[in-house]
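**Q**
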Amino acid sequence: MENVNFIQMFLNWLATFEPRVLILAASCIGAGLAMIAGIGPGIGQGYAAGKGAEAVGINPKASKQVTMVMLLGAAVAETSGILALVVALILLYGNPLVTASGAGIILAAAAIGAGFSMIAGIGPGIGQGYAAGKSTEAVGRRPKFQSAVVRTMFLGQAVAQTTGIYALIVALVLMFANPLTKLL
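1 is the number of the first residue of the sequence shown in the UniProt record's numbering; add one for each residue after it.
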């Protein structure tokens, strides 16, 4: 019972703010939340780099091929972090919710929700980095198969990116075409 009272008091307190102020504050929170997605690419790229170093240590003659695969794979692993950055920058610099009409609390929740949705980018970043690391390791062992390994790596990374793309779509819908505002 106390929790219900607290939630009601909190919502009443939020209602004392101008909607624009509430939306701007929520946009800051959403932008920060979106950047949590950077954890995935950091882990994934670190894994790829570690596997690259390991592969070069095992087969120094394949250093160029290993480095190329590691860099290509790590670049793809960064995409979910880039998508999260785009959402954070939109929330901070081009947020359409600030001028949208509707209840301030719903628009503020949309800004926070857009940031939360981008946390899904952690998975693709880790998965793509893992693929890059294993591919780098494979090229280190068998450099003559670099082309086939990279092709397979890119295909796997493309599939792994889908959840990051879904998160981006949800964030963009919340910011630009929020269907909930039409229900007011």
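All C-beta atoms in this analysis are idealised placements derived from N, C-alpha and C, irrespective of residue type, glycine included.
How about L83 and G121: are their beta carbons less than 9 Å apart?
**A** In the sequence shown, residue 83 corresponds to position 83, counting from 1. In the sequence shown, residue 121 corresponds to position 121, counting from 1. Result yes, Cβ atoms of L83 and G121 sit closer than 9 Å.
**Q** Going by beta carbon distance, what residues of the same chain come within less than 7 Å of G104, once the five residues before and after it are set aside?
**A** Within the sequence shown, numbered from 1, the residue matching residue 104 stands at position 104. Only P19, L22 and I23 meet the Cβ criterion.
**Q** Between which two residues does the alpha helix (DSSP H) harbouring I90 extend?
**A** As a working mapping, residue 90 is identified with position 90 in the sequence shown. Counting along the chain, the alpha helix (DSSP H) containing I90 begins and ends at T79 to Y93.
**Q** Going along the chain, which residues of its own chain have a beta-carbon closer than 7 Å to the beta-carbon of A48, five neighbours each way excluded?
**A** Translated into positions along the sequence shown, residue 48 becomes position 48. Taken in chain order, the residues that qualify are M70, G73, A74, A77, G129, A132, G133 and T136.
**Q** Assign F17 to one of three DSSP states: helix, strand, or coil.
**A** To locate residue 17, count along the sequence shown from 1; it is residue 17. Correct three-state label for F17: coil.
**Q** By the DSSP assignment, the alpha helix (DSSP H) with L172 in it spans what residues?
**A** Here residue 172 corresponds to residue number 172 of the sequence shown, with the count starting at 1. Its alpha helix (DSSP H) spans residues T162 to F176.
**Q** What do you reckon, are the CB atoms on T163 and G123 nearer than 9 Å?
**A** Here residue 163 is taken as the residue at index 163 of the sequence shown, counted from 1. Here residue 123 is taken as the residue at index 123 of the sequence shown, counted from 1. The answer is yes: Cβ separation under 9 Å.
**Q** Work out the CA separation of K182 and Q65 for me, nearest whole Å.
**A** Against the sequence shown, residue 65 aligns to sequence position 65. Against the sequence shown, residue 182 aligns to sequence position 182. Going from the Cα of Q65 to the Cα of K182 covers about 54 Å.
**Q** Flag this pair as yes or no: are the beta carbons of I90 and G140 separated by less than 9 Å?
**A** Along the sequence shown, one-based indexing puts residue 90 at 90. Along the sequence shown, one-based indexing puts residue 140 at 140. No, the pair does not count as a contact, with Cβ atoms beyond the cut-off.
**Q** Under 8 Å: do the segment 30-37 and the segment 9-17 share three or more Cβ pairs, one atom per stretch?
**A** Segments in contact, no.
**Q** Taking DSSP as the reference, what is the three-state secondary structure of A103?
**A** Translated into the one-based positions of the sequence shown, residue 103 becomes position 103. If DSSP states are grouped into helix, strand and coil, A103 belongs with coil.
**Q** Residue range of the alpha helix (DSSP H) that T181 falls in?
**A** For the purposes of this step, residue 181 is identified with residue 181 of the sequence shown, where counting begins at 1. Per DSSP, T181 belongs to no alpha helix (DSSP H) and is neither H nor E.
**Q** According to the Cβ coordinates, are A111 and A26 closer than 9 Å?
**A** Here the question's residue 111 lines up with position 111 in the sequence shown. Here the question's residue 26 lines up with position 26 in the sequence shown. Contact flag set, yes.
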